[in-house]
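Working notes for the structure below.
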Amino acid sequence: MKKAVLFDLDDTLYEYGPVHKQALKASYSILKKKIKIDWEKFYYLFNLSKSEIHRELSGTAASHNRVLYFQRLIEKTHSTVDPKVILDLYNTYWNTFLNNMVLRKGVIDVLKKLKQRGIKIAVVSDLTTNIQLRKIHKLGITKYVDVLVTSEEAGSEKPHAIMFLLALNKLGISPHEAIMVGDNEVADIEGANFVGLYTALLSSKRSILRRKKEDFRKPSKIIKNISSVLDLLD
Ligand SMILES: [Mg+2]
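Residue 1325 is where the sequence shown starts when you use the working numbering, and the numbers rise one by one after that.
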């Protein structure tokens, strides 16, 4: 019998892609009032800045920090830093993002049922704590979440074992007593498999079923809907 479920946050409890794009468009509308730049150029420079920061800060929570992406972008467009513009883009991005996130279908129901069954809930996520706390608040899942582990707090990102071990440690349970649920085969599944957790990959793709048994990226189970988590507890 399982005692806890560890959930990834981004793209597991809500869909990341659409809100990211929406938030980026809002930031773009701020910048285009100040300088002449088309969307394609902005999008290209944002992704270029992001990949530079990722490379430089690989494996750390700061590698996801949008303030660094926007700073780098403005250094490219303005050939200097402009604190007001950078912070405006950053705040607009997150305000838009946070105001438009939508929980995946069935999430609240699953969290509620887990709580009723006395199962503890952890959120294990790569990013900074400030933003992930704001997401938990905005998604309205605060009362269900017992512990949060971020890569900022743990000092390393998934698939590093510390992310999962810190969550288990906070909950006072052993690996065999918990399930990890996530959308990423490397970060969520490989990482949790190494620690000895039961792993559930949230995916609609079929190809991953073909992974070899000894492959550490092979999840214990592939689930199409988050509500299937309830069938994995025994
Ligand atoms: Mg994810």
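Backbone N, C-alpha and C fix where the C-beta goes; we use that ideal spot for every residue, glycine too.
- Straight across, the Cα-Cα distance linking Leu1526 with Ile1503 is about 12 Å.
- Measuring C-alpha to C-alpha distances from Leu1355 to each of Thr1474, Ile1486 and Tyr1417 identifies Tyr1417 as the nearest.
- A direct Cα-to-Cα measurement between Tyr1522 and Val1473 gives close to 18 Å.
- Counting the other Cβ atoms within 10 Å of the Cβ of His1484 gives 16 or more, which makes it buried.
- With contacts defined as CB atoms closer than 9 Å, Val1448 and Asp1332 qualify as a contacting pair.
- A contact between stretches requires three or more CB pairs, one per stretch, nearer than 8 Å, and the region 1449-1465 meets this requirement with the region 1413-1431.
- Counting C-beta atoms within 10 angstroms of its own C-beta, Pro1543 has 16 or more neighbours from the protein chains shown and is therefore classed as buried.
- Judged by their CB atoms, Asn1389 and Thr1453 are not nearer to each other than the 9 Å cut-off.
- Contact between the region 1368-1387 and the region 1428-1440 is absent: fewer than three C-beta pairs spanning the two stretches fall below 8 Å.
- For Gly1341, the three-state secondary structure derived from DSSP is helix.
- A straight-line Cα-Cα distance of about 14 Å links His1378 and Gln1395.
- Going by DSSP, Lys1444 is part of the beta strand (DSSP E) stretching over Lys1444 to Ser1449.
- Taking non-hydrogen atoms of ligand 1 into account, the C-beta of Thr1336 is found less than 8 Å away from one of them.
- Using a Cβ distance threshold of 9 Å, Ser1480 and Tyr1414 do not count as a contacting pair.
- Each of Val1519, Gly1506 and Glu1514 was checked against the Cα of Lys1548, and the nearest Cα belongs to Gly1506.
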